[in-house]
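Report on the following structure.
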Ligand code: TRP
Ligand code: ZN
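Residue numbers (the working numbering): 3 to 871.
Below is the structure:
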């Protein structure tokens with residue numbers, strides 16, 4: 003492959019949402035013929051093209067290409083010479099309004115390290131076309147508003163590629179006398195090119211079936227490399243549950259006779275929703291108790307559901323252009339969150355989702371790469387598959403469910419699917435359908451699509467006679483390109499607790515729409531305890547007049563489980579932020595309050611262990627950093643560890659008995675056993691901070707007795723952070739035990755890179771030279787380096803070595819895989835949030851990257867923006 007993606011970018015091309023124009027030519031049908039080979043696959047594409055009546059009428063058909071060359075061009079079956087290249091676009095002059103255009107290309111999948119387009123993974127051939135990978139296979143109007151019916155034929159060596167798959171339904175297949183064979187597939191549903199998929203290779207299938215609500219039988223298959231099939235049952239159960247759930251909740255039925263999932267080990271993202279042929283990263287398919295943690299099981303269930311749900315929210319109704327990405331991603335994340343909440347503990351799921359939002363999206367929203375969930379411009383769309391588009395996008399639609407109630411919201415989504423089925427739609431189409439179907443006025447609410455940044459709501463409370471007034475005001479800090487912000491619609495579920503009885507008179511929904519607004523309530527003899535933004539009904543920061551005593555009260559009594567968690571978090575956030583900023587007035591008293599609240603959680607027999615485990619987790623460092631204008635990350639780390647040590651010591655007996663009690667619970671996948679495992683490792687974490695010898699002994703025993711990966715990984719994580727002989731022996735045992743299992747070896751890398759061990763940087767440097775480390779497998783790169791970039795003690799170590807290591811990685815990875823390399827830029831971009839000395843070191847590394855002679859568009863955009871703001 004003549005790979006051009008590493009060539010220097012002169013002036014960056016900025017794509018603007020406002021510049022959208024309908025396509026000049028449509029492609030109602032396409033036939034693709036692949037002669038498969040690992041290093042020389044020939045592709046013959048035949049496009050039925052027709053002038054778009056909504057276009058300007060130009061005779062020029064412009065087809066996108068990337069790193070490919072046209073070997074031959076025909077029009078209506080005849081060699082056609084009236085074409086030229088314009089940059090990487092192929093421009094063909096056509097005489098009439100409708101033609102058959104034939105194009106031949108030759109590609110080298112084995113040389114495709116970008117993992118976009120057609121590439122090889124462990125001898126398999128597979129595709130990844132979202133967002134703009136199809137143009138690396140053939141020339142095409144590679145934009146999501148050009149929908150085509152695909153017919154695919156492929157042929158190849160039968161021994162090398164026994165299984166031949168594409169979208170839709172298999173229509174014919176056969177053997178050739180020369181040892182090759184062929185297959186044809188037809189997908190009746192018009193789709194954009196980003197949903198095209200092809201897979202060929204040696205795969206074994208776990209097969210099952212699902213009967214839809216209208217009684218149609220769908221053949222299901224999960225295809226993996228031989229030897230992995232025994233680890234696909236959980237994914238299959240998740241798929242069947244998703245299909246059922248989407249029928250029952252959203253009324254969405256599957257629409258093909260077959261549904262195939264293929265798992266590959268080299269993949270840039272989590273998974274891909276190609277029509278009828280989802281392609282997954284193995285880490286979101288393969289699981290058994292010995293190799294997968296409870297968290298892995300949950301992630302698999304969530305991602306399998308997510309990709310399946312895209313069949314409607316993404317495929318049947320797709321995006322008009324890539325600025326609308328949140329139309330499918332935000333909505334589909336919401337749908338997978340709702341599904342997972344229904345499958346297990348809804349409160350725990352909500353807490354986990356908010357934790358992810360705060361850890362990943364809040365920092366994005368306050369940094370140089372902040373963008374609205376519907377961006378206004380981009381240079382490289384791959385950079386916009388972000389926590390903002392996905393997770394904040396889901397929160398924005400979730401607020402519609404809060405405002406309308408789920409029943410009315412579903413009337414809106416039904417209208418949306420009916421109205422736009424088969425279309426490439428916009429976020430505006432979605433909002434209008436919810437307005438019409440749910441009977442909401444979302445005029446001002448649309449600002450959630452326009453404005454970047456996390457609103458901050460400040461609450462004051464006053465009692466006059468028996469009349470209580472709550473005054474809410476909102477502000478939003480400027481973000482790049484948006485210096486001034488307009489007030490948002492912020493729905494806040496609120497309860498006012500009577501301090502003496504511990505009850506409230508029912509939850510109210512306060513909808514803040516102005517910059518400042520006062521809500522009054524009658525019949526109060528005393529100031530109540532305020533419980534606000536219950537269930538995290540809006541993705542905002544709240545500053546409320548809630549005392550430490552109030553937080554202790556809410557942590558014990560709030561009947562909203564999220565609010566209870568939030569009170570606990572607030573209690574700790576206030577203490578840690580105060581300690582780091584040096585503004586803490588009464589250190590001992592604040593710490594004692596946390597100790598008392600946590601002690602009560604440990605003792606509360608009415609709490610299930612899954613929820614208890616959540617309540618015991620300290621707020622993350624990234625979220626803590628968000629609360630400070632400028633912070634020394636190692637001080638946050640040190641204060642957080644210091645609190646952990648103190649809690650470990652103060653509640654020592656409780657941690658020991660928690661660990662004993664939970665260790666006695668036998669392995670199963672039910673909630674009680676999972677909760678026990680979660681608490682077991684939490685107990686070890688606190689013990690390790692205060693009594694390393696006792697923790698090492700217990701962790702070693704937990705490791706040795708482990709019947710499952712949750713216990714084993716938890717124990718190894720704790721050992722990794724300690725400097726003890728058990729550390730080395732457990733790491734060696736783990737590696738030997740799971741040698742050859744790529745996903746488990748990934749854990750081995752990331753546990754060491756994410757560890758609290760002070761020598762983490764030395765460990766990571768050594769691991770980057772380990773025989774098992776490779777720059778060409780994204781999972782392995784992320785396992786080592788993402789874990790390290792998130793580890794304050796390593797990444798932010800004094801002197802800037804952590805920054806230099808990440809910059810070195812970016813420069814080395816960029817020519818191999820620009821998409822994955824760009825993901826490592828945001829940690830370096832947070833220089834405004836740290837002290838000046840560190841900021842200078844971080845900027846210097848960004849400058850060093852920017853000065854490289856050639857960078858991918860991906861890294862170029864992220865680095866430039868990170869330096870600008
Ligand atoms: N559409 C995919 C999802 O969210 C995301 C995805 C898959 C992706 N592969 C990718 C995004 C490659 C960017 C690059 O389900
Ligand atoms: Zn998605």
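For every residue, glycine included, the Cβ atom is placed at its ideal position computed from N, Cα and C. Since the structure is predicted, the reported quantities are computational estimates derived from the model, not experimental observations.
Just mark residue 23 as buried or exposed, buried being the case when its beta carbon has 16 or more other beta carbons within 10 Å.
-> Here residue 23 refers to the residue found at position 21 when the chain shown is read from its first residue. With a threshold of 16 other beta carbon atoms within 10 Å, residue 23 falls short and is exposed.
Is the closest heavy atom of the ligand ZN to the C-beta of residue 331 under 6 Å?
-> Numbered from its first residue, the chain shown carries residue 331 at position 329. Answer for residue 331: yes, Cβ within range of the ligand ZN.
Secondary structure, alpha helix (DSSP H): runs of 4+ residues fully inside the segment 282 to 329 = Counting whole runs of 4 or more residues, the segment 282 to 329 contains the alpha helix (DSSP H) stretches 296 to 311.
Residue 270: CB within 6 Å of a non-hydrogen atom of the ligand TRP | Working through the chain shown from its first residue, we reach residue 270 at position 268. Yes.
Could you tell me if the beta carbon of residue 803 falls within a distance shorter than 6 Å of some heavy atom in the ligand TRP?
-> Along the chain shown, one-based indexing puts residue 803 at 801. Because no heavy atom of the ligand TRP lies under 6 Å away, the Cβ of residue 803 does not count as near it: no.
Kindly identify the DSSP beta-bridge partner or partners of residue 101.
-> Locating residue 101 in the chain shown gives position 99, counting from the first residue. Residue pairing by DSSP places residue 101 opposite 51 in a beta bridge.
Coil, strand or helix - residue 219 by DSSP | The count along the chain shown starts at 1 and reaches residue 219 at position 217. Strand at residue 219.
Could you tell me if the beta carbon of residue 384 falls within a distance shorter than 6 Å of some heavy atom in the ligand TRP?
-> Here residue 384 corresponds to residue number 382 of the chain shown, with the count starting at 1. In this structure, the C-beta of residue 384 approaches the ligand TRP to less than 6 Å from one of its heavy atoms.
Look at the alpha carbon of residue 353 and the alpha carbon of residue 39, and state the distance between them as a whole number of angstroms.
-> The sequence position of residue 353 within the chain shown is 351, counting from 1. The sequence position of residue 39 within the chain shown is 37, counting from 1. Approximately 48 Å, taken between the alpha carbons.
Report the residue ranges of all alpha helix (DSSP H) runs contained in full by the segment 660 to 698; include only those spanning at least 4 residues, in chain order.
-> Along the segment 660 to 698, the alpha helix (DSSP H) occurs as fully enclosed runs of 4 or more residues at 673 to 692, listed in sequence order.
Tell me, which residues are paired with residue 458 by DSSP?
-> As a working mapping, residue 458 is identified with position 456 in the chain shown. DSSP, once it has assigned bridges, lists 477, 543 as partnering residue 458.
Is any heavy atom in the ligand ZN found nearer than 6 Å to the beta carbon of residue 334?
-> What you label residue 334 is simply residue 332 of the chain shown in a count that begins at 1. Yes - the ligand ZN has a heavy atom lying nearer than 6 Å to the Cβ of residue 334.
Helix, strand or coil at residue 418 [DSSP, three-state] | As a working mapping, residue 418 is identified with position 416 in the chain shown. Residue state, collapsed to three classes: helix.
Quick one: measure Cβ to Cβ for residue 193 and residue 166, integer angstroms, because I've assumed they're closer than 8 Å.
-> Within the chain shown, the letter at position 191 stands for residue 193. Within the chain shown, the letter at position 164 stands for residue 166. About 19 Å separates the CB atoms of residue 193 and residue 166; that is not less than 8 Å, and the two are not in contact.
From which residue to which residue does the alpha helix (DSSP H) around residue 822 run?
-> Your numbering for residue 822 matches position 820 in the chain shown. Following the DSSP letters along the chain, one finds residue 822 inside the alpha helix (DSSP H) bounded by residues 820 to 824.
For residue 735, name the three-state secondary structure that DSSP assigns.
-> Here residue 735 corresponds to residue number 733 of the chain shown, with the count starting at 1. Taken through DSSP and simplified to helix, strand or coil, residue 735 comes out as helix.
Who are the Cβ neighbours of residue 648 in its own chain at under 7 Å, not counting the five residues just before and after it?
-> If you number the chain shown from 1, residue 648 lands on position 646. Closer than 7 Å at the Cβ level, and outside the excluded window around residue 648, lie 593.
Which runs of the alpha helix (DSSP H) spanning at least 4 residues fall entirely within the segment 558 to 615, listed in chain order?
-> You should have 563 to 583, 589 to 605.
If we ignore side chains and look at the alpha-carbon of each, how far apart do residue 724 and residue 759 end up?
-> For the purposes of this step, residue 724 is taken as residue 722 along the chain shown, with counting starting at 1. For the purposes of this step, residue 759 is taken as residue 757 along the chain shown, with counting starting at 1. Their Cα atoms are separated by approximately 6 Å.
Run of the beta strand (DSSP E) containing residue 86, from where it starts to where it stops = As a first step, residue 86 must be located in the chain shown, where it is residue number 84. Per DSSP, residue 86 belongs to the beta strand (DSSP E) from 85 to 88.
When DSSP labels each residue in this structure, what does residue 37 get in the three-state scheme?
-> Here residue 37 refers to the residue found at position 35 when the chain shown is read from its first residue. Residue 37 sits in a strand when the DSSP states are folded into three classes.
What residues match up with residue 726 in a beta bridge as DSSP calls it?
-> Residue 726 sits at position 724 when you count from the first residue of the chain shown. As DSSP reads the structure, residue 726 sits in no beta bridge.
Does the ligand TRP have even one heavy atom less than 6 Å from the beta-carbon of residue 310?
-> The residue you call residue 310 lines up with position 308 of the chain shown. Taking non-hydrogen atoms of the ligand TRP into account, the C-beta of residue 310 is found less than 6 Å away from none of them.
Any 3 or more C-beta pairs closer than 8 Å across the segment 105 to 114 and the segment 246 to 263 = In this structure the segment 105 to 114 does not touch the segment 246 to 263; the number of beta carbon pairs closer than 8 Å is below three.
Is residue 10 buried or exposed, if buried means 16 or more other CB atoms sit within 10 Å of its CB?
-> To locate residue 10, count along the chain shown from 1; it is residue 8. Confidence in residue 10 is poor, its pLDDT being 49 and thus under 50, which makes the residue's placement too unreliable to answer from.
Leaving out the 5 sequence neighbours to the left and right, which residues in its chain are closer than 6 Å to residue 239 when beta-carbon positions are compared?
-> Sequence index remark: in the chain shown, residue 239 carries index 237 (1-based). Answer for residue 239: no residue qualifies.
Can you tell which of 746, 861, 836, 798 has the C-alpha that lies nearest to the C-alpha of residue 813?
-> To locate residue 813, count along the chain shown from 1; it is residue 811. Nearest C-alpha to residue 813: 861.
With DSSP run on the structure shown, which of helix, strand or coil describes residue 846?
-> Within the chain shown, the letter at position 844 stands for residue 846. Residue 846 falls in the helix class under three-state DSSP.
Whose C-beta lies closer than 7 Å to the C-beta of residue 583 among residues of the same chain, with five residues either side of it excluded?
-> If you number the chain shown from 1, residue 583 lands on position 581. Excluding sequence neighbours, residue 583 sits near 630.
Between the segment 415 to 427 and the segment 452 to 460, do three or more beta carbon pairs fall short of 8 Å?
-> No, they do not touch.
For residue 520, which beta-bridge partners are listed by DSSP?
-> Residue mapping note: residue 520 aligns to position 518 of the chain shown, counting from 1. Residue pairing by DSSP puts residue 520 in a beta bridge opposite 473.
Report yes or no: is there a C-beta of chain D within less than 7 Å of the C-beta of residue 651?
-> Absent here is chain D; the protein component of the structure consists of one chain.
Beta-carbon proximity check, residue 154 vs residue 168, cutoff 7 Å | Here residue 154 refers to the residue found at position 152 when the chain shown is read from its first residue. Here residue 168 refers to the residue found at position 166 when the chain shown is read from its first residue. Contact annotation: residue 154 and residue 168 have beta-carbon atoms nearer than 7 Å.
Could you tell me whether any non-hydrogen atom of the ligand TRP is closer than 6 Å to the CB of residue 274?
-> For this step, residue 274 is matched to residue 272 along the chain shown. Yes, the ligand TRP has a heavy atom inside 6 Å of this Cβ.
Is there at least one non-hydrogen atom of the ligand TRP closer than 6 Å to the beta-carbon of residue 132?
-> For the purposes of this step, residue 132 is taken as residue 130 along the chain shown, with counting starting at 1. It does: the Cβ of residue 132 is within 6 Å (strictly closer) of some heavy atom of the ligand TRP.
Residue 227 lies in the beta strand (DSSP E); which residues open and close that run?
-> Position 225 of the chain shown, counting from 1, holds the residue named residue 227. In this chain, residue 227 is not harboured by any beta strand (DSSP E), its DSSP state being neither H nor E.
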